[in-house]
Amino acid sequence: MVHRAAVILSALVGIAISLPREAISPIGNDSPGHPGHMPKRTTVAASCLPRDCSRGITFSRYINPFNPKSTIYQPFEPSVLSSLKPIDQGTTQTIYISAADGVDSNAAILWKTYLYVCQEGTYKFTSRHPKDTAMTWLGEEHTKKPTVENADIGQFDGVSSLNEDMTVERALLAGTIYPITTLWGNNGVDGFVELGIEGPDGDMVNGSEGSGAYFVTRTCGSNSEGELKV
């Protein structure tokens, strides 16, 4: 029991600030959060989602407060929206908008969710050529106070053809919860944004029953962020 506790304690220490950044557990080059390190642990079955977990991704839609004549979007971060009243709020299952028109024209949308990890391994987070611009924050430290400087993914070119796909990888432990925040801004029509998440088995995470991870609207189950399931 003492040895087991020591192993768990050793996994819960260490902080790194350089890329690649953290997974749900505390981070460091030799910690579970680093893509180059995956501890040997039993994978939790895909049915692991606790009953008290509410599936989905929450979103808030705003009239775009950023300069409509600029693709620089300064400053472009969630704090700018905190004093504004959203024109729409709800829950969805994907971070995806194509051919934006109507309510998504001239809009800024903030998505927040948690990835409940059932299958252990390396997850790939890909932001696909947004128009006009999009930022994504991963992990507890960055989603707690998201800024331009600590974004894990940031694409600012304003034109979909100029914004190349960006992918980051995070090694996640089964039975943990991983927070995700995405902010998208669009001026005019023809907007696009998509955050794709590929699991260790190559399948795309979509929150369905058969996937190895689930989007949930809040922390839930017996584990809070950063805790290992033992």
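Just so we're aligned: the sequence shown equals residues -18 to -1, 1 to 212 in mature numbering (1 follows the signal peptide of the UniProt record, and there is no 0).
All residues carry an ideal CB built from backbone N, CA and C; glycine is no exception.
Have a look at the DSSP bridge pairing and note the partners of residue i.
i      : result
Thr149 : Thr108
Pro161 : Tyr96
Lys113 : Phe174
Leu63  : Looking at the DSSP assignment, Leu63 forms no beta bridge with any residue, so it has no partner.
Asp70  : Arg43
Gln137 : Ala116
Phe58  : Phe58 pairs with nothing; no bridge assigned.
Asn168 : Ala89
Arg37  : Val198
I'd like to check one pair, residue j with residue i: are the Cβ atoms closer than 8 Å?
i      : j      : result
Asn40  : Thr199 : Per the sequence presented here, residue 40 reads as Thr, with Asn not at that position. Yes. Within cutoff.
Trp119 : Pro128 : yes
Glu180 : Arg110 : no
Leu31  : Tyr98  : yes
Ile162 : Thr95  : yes
Expressed to the nearest angstrom, what Euclidean distance is found between the alpha-carbon atoms of residue i and residue j?
i           : j      : result
Ala148      : Asp34  : Looking at the sequence provided, one finds Met at residue 148 rather than Ala. Approximately 33 Å, taken between the alpha carbons.
Met186      : Asn168 : 26 Å
Thr73       : Gly103 : 27 Å
Thr201      : His124 : 16 Å
Glu122      : Tyr160 : 7 Å
Ser80       : Phe174 : 5 Å
Ser87       : Glu131 : 27 Å
Phe138      : Phe58  : 9 Å
Gln101      : Leu155 : 8 Å
Gly84       : Gln71  : 16 Å
Thr158      : Ser61  : 27 Å
Gly18       : Ser64  : Caution applies to Gly18, whose pLDDT of 37 falls short of 50 and renders its modelled position unreliable; the value that the coordinates give is listed next. Going by the C-alpha atoms only, they are around 37 Å apart.
residue 233 : Ala195 : Past the boundaries of the shown model lies residue 233; the chain is included only from -18 to 212, so the question cannot be answered.
Lys67       : Gly184 : 39 Å
Gly170      : Lys126 : 30 Å
Thr114      : Asn145 : According to the sequence displayed, residue 114 carries Asp and not Thr. Distance between the alpha carbons of Asp114 and Asn145 is about 9 Å.
Asp172      : Gly178 : 20 Å
Please list, in chain order, all residues of the same chain as residue i whose beta carbon is under 6 Å from its beta carbon, the five residues on each side excluded.
i      : result
Met117 : Ala133, Gly136 and Leu165
Ser42  : Pro68, Gln71 and Leu92
Return the residue from the list the options that minimises the CA-CA distance to residue i.
i      : options                        : result
Val150 : Ser42, Thr108, Pro60 and Tyr78 : Thr108
Ala90  : Glu146, Gly157 and Ile69       : Ile69
Arg152 : Val62, Asp172 and Pro182       : Pro182
Tyr78  : Leu66, Lys67, Leu92 and Pro60  : Leu92
Would the C-beta of residue i count as close to the ligand MN, meaning under 7 Å from any of its heavy atoms?
i      : result
Ala133 : This structure simply doesn't include the ligand MN, nor any ligand for that matter.
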